[in-house]
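Per my numbering, numbering of the sequence shown is gapless, rising by one per residue and ending at 161. Quick reminder that beta carbons are idealized off the backbone N, C-alpha and C, glycines included.
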Amino acid sequence: MARAPLLQLSGISLTFGGNPVFDDLTLVVQPGDRVALVGRNGSGKSTLMKVMAGLTEADRGTRTVAPGTTVGYMEQDPDLSAYATLGDFAASNLPDGMEYRLAVVAEGLKFDPETPVVTASGGERRRAALAKLLAEAPDLMLLDEPTNHLDIQAIEWLEAEL
């Protein structure tokens, strides 16, 4: 018996300023799939991920998420300005009882949750965003350039975790 897809985009079209980003795009993500979007800068990869995450609405087509499926999205440059520390950001909206998961992920990514947001480097911010998403443990993770600003050890840990 075939499994229901976690996410399905059917006939998706989107334009910005009259320029097509994609036209009649169809994409199916099944449980266990690992999908990589590869393309030039400005080709619409981040936009497609935002459509997949439900953050951007397409001009045409349908987005279907399987009932009960949670979708998590890590954007390239998350806004952390509302938080005092990286840990405050990473723990925001975390389901009850998942604090232990955040501690495990923070250790694996080697980031200090007590680091003030205002002094955090790009790599520290990226680690906090990854820790947040991994601790939330969504059914479908959408990672927009997840290894930007990460060192080899963090990349290797992330590969093993995923």
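{"Query": "To the nearest angstrom, how far is it from the Cα of D65 to the Cα of D138?", "Result": "It is Ala, not Asp, that sits at residue 65 in the sequence shown. Distance between the alpha carbons of A65 and D138 is about 10 Å."}
{"Query": "Just list the residues that DSSP pairs R62 with in beta bridges.", "Result": "L8"}
{"Query": "According to DSSP, which residues form a beta bridge with M51?", "Result": "Answer by DSSP bridge pairing: none, since M51 is not bridged."}
{"Query": "Among the candidates Y72, E98, Y99, whose CA atom is the shortest distance from the CA of R125?", "Result": "Y72"}
{"Query": "Since L141 and V116 are thought to touch, with beta carbons under 8 Å apart, how far apart are those beta carbons, to the nearest angstrom?", "Result": "Between V116 and L141 the Cβ distance is about 23 Å, and since that is not below 8 Å, they are no contact."}
{"Query": "Compute the distance between the beta-carbons of P94 and E135, then report whether it is under 9 Å.", "Result": "yes"}
{"Query": "When the Cβ atoms of the region 42–61 are set against those of the region 4–17, are three or more pairs found closer than 8 Å?", "Result": "yes"}
{"Query": "Over what stretch of residues does the alpha helix (DSSP H) that includes L157 continue unbroken?", "Result": "151–160"}
{"Query": "Taking C-alpha atoms, which residue in T68, K109, L133 lies nearest to Q152?", "Result": "K109"}
{"Query": "Restricting to Cα atoms, I'd like to know which of A159, A81, P145 is closest to A35.", "Result": "P145"}
{"Query": "When you compare each of A130, S120, T46, A83 to Y163 by their alpha carbons, which one comes out closest?", "Result": "Outside the displayed range of the chain (0 to 161) lies residue 163, so it cannot be described from this structure."}
{"Query": "Nearest to V70 by alpha carbon, out of G121, P4, P112, M97?", "Result": "P4"}
{"Query": "What number of angstroms, rounded off, separates the C-alpha of G17 from the C-alpha of D150?", "Result": "39 Å"}
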